[in-house]
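S.K.: Right, I'll just put the structure down here and ask away after.
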Amino acid sequence: MGDTLDYDEAEARQEEAIYRTPAAAARRERVRDLLAPEPGDTVLSVGCGPGFEPAEIGWAVGNEGHVHGIDRSEPMLELARERCAPLPQVTLSQGDADGLPVADESVDGAVAVQVFEYLETVASAVSELNRVLQPGGSAVVCDADFASLVWRSPDPERMAHVLDAFDDHCPHPRLGSRLAPVLREGGLAVNQVEPNAIVNTSLDDTFAAHLMAFIEDYVAEHEVLGPTAAQAWADDLREQAAHGETFFSFTQYCYLVHKPA
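Residue numbering for the sequence shown follows UniProt numbering, starting at 1 and increasing by one per position.
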């Protein structure tokens, strides 16, 4: 795939399927509960993807509020435009987390879910978040630590090799457990940190199933392991699932922060 924040149309649809899973929907609800947007608020959705997040926050802020969704991927924005079309309070723009097309101190709140771990320079994105938040404004930043991934396999050694190879898919695969100092250095106060654990015990259209497909595709192109190892790994998991033995657990960490007044 190359840069995992850049999608063609087919890849965007594949990613959209992950957003539809119950685990992804529950995560969005948890993020909204942490941010607690109110009617009339202006909220920034950084890395808005196929538009579930800005649409759902749009309902929360109502017609008197405003949600600005930003994504670098045009195919993702096309999906977001379809999803948010009934919501005039939602606008969508192409842009990057480390160069937000938003005025200084113009938003009451912001969310960035599994965005920062894919950036080369996280500090720049935190600085931009600080810049656009109003004094006293809040944000929820969620990122994963891929070391938290527990995935039962009949071949633990092969699983370890595949996950080690998959670490290369983003610049900061351990960011979730290391984000607090970066946020503080960027001028934001960390109010609380909450884990968001995704646990699946089947591959029936679950978060685990979609992540498995993504990992299989990525590792198939990996110069060390190649397609044979990737398919064998996925076949192991499919066979295990057929016997009702799937166990998948993955934790993301949600940081509620605010910009000091």
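All residues carry an ideal CB built from backbone N, CA and C; glycine is no exception.
Taking 8 Å as the threshold (C-beta atoms), are A97 and A110 in contact?
M.R.: As a first step, residue 110 must be located in the sequence shown, where it is residue number 110. As a first step, residue 97 must be located in the sequence shown, where it is residue number 97. No; because the gap between Cβ atoms is not below 8 Å, this pair is not in contact.
S.K.: Tell me whether H243 is buried or exposed, calling it buried when 16 or more other Cβ atoms sit within 10 Å of its Cβ.
M.R.: Start at 1 with the first residue of the sequence shown, and residue 243 comes out as number 243. Flag for H243 reads exposed.
S.K.: For H210, report the span of its alpha helix (DSSP H) as first-last.
M.R.: Numbered from 1 along the sequence shown, position 210 holds the residue referred to as residue 210. Looking at the DSSP string, the run of the alpha helix (DSSP H) that includes H210 is F207 to A220.
S.K.: Label Q252 either buried or exposed according to how many other C-beta atoms from any shown protein chain fall within 10 Å of its C-beta, with 16 as the threshold for buried.
M.R.: Translated into positions along the sequence shown, residue 252 becomes position 252. Buried: at least 16 other Cβ atoms inside 10 Å.
S.K.: Measure the C-alpha to C-alpha separation of L256 and V162 and round it to an integer number of angstroms.
M.R.: By 1-based counting over the sequence shown, the position of residue 256 is 256. By 1-based counting over the sequence shown, the position of residue 162 is 162. Taking the straight line from one Cα to the other gives about 32 Å.
S.K.: For V111, which beta-bridge partners are listed by DSSP?
M.R.: The residue you call residue 111 lines up with position 111 of the sequence shown. Bridge partners of V111: S45 and V140.
S.K.: Considering residue 264, what are the terminal residues of the beta strand (DSSP E) in which it resides?
M.R.: Given a span of 1 to 261 for the chain in the structure shown, any question on residue 264 remains unanswerable.
S.K.: Would you check if the distance between the CB atom of V126 and the CB atom of G47 is smaller than 8 Å?
M.R.: As a working note, residue 126 is residue 126 in the sequence shown. As a working note, residue 47 is residue 47 in the sequence shown. Going by C-beta atoms, V126 is not nearer than 8 Å to G47.
S.K.: Do three or more CB pairs link the stretch 220-229 to the stretch 49-57 at distances below 8 Å?
M.R.: no
S.K.: Beta-carbon separation of D143 and L188 under 8 Å?
M.R.: Along the sequence shown, one-based indexing puts residue 143 at 143. Along the sequence shown, one-based indexing puts residue 188 at 188. The answer is no: Cβ separation not under 8 Å.
S.K.: Sorted by chain position, which residues of the same chain lie with C-beta nearer than 8 Å to G2's C-beta, five sequence neighbours on each side aside?
M.R.: Here residue 2 refers to the residue found at position 2 of the sequence shown. With a pLDDT of 35 at G2, under the threshold of 50, the modelled position of this residue cannot be trusted, and the question is left open.
S.K.: Output needed for P260: all residues of its chain with C-beta closer than 6 Å, excluding positions within five of it in sequence on either side, in chain order.
M.R.: In the sequence shown, counting from the first residue as 1, residue 260 sits at position 260. Closer than 6 Å at Cβ, skipping near neighbours: A189.
S.K.: Of the residues I198, D164, I18 and D71, which one's Cα is nearest the Cα of D6?
M.R.: Residue numbering aside, residue 6 sits at position 6 when the sequence shown is read from its first letter. Cα-wise, what sits closest to D6 is D71.
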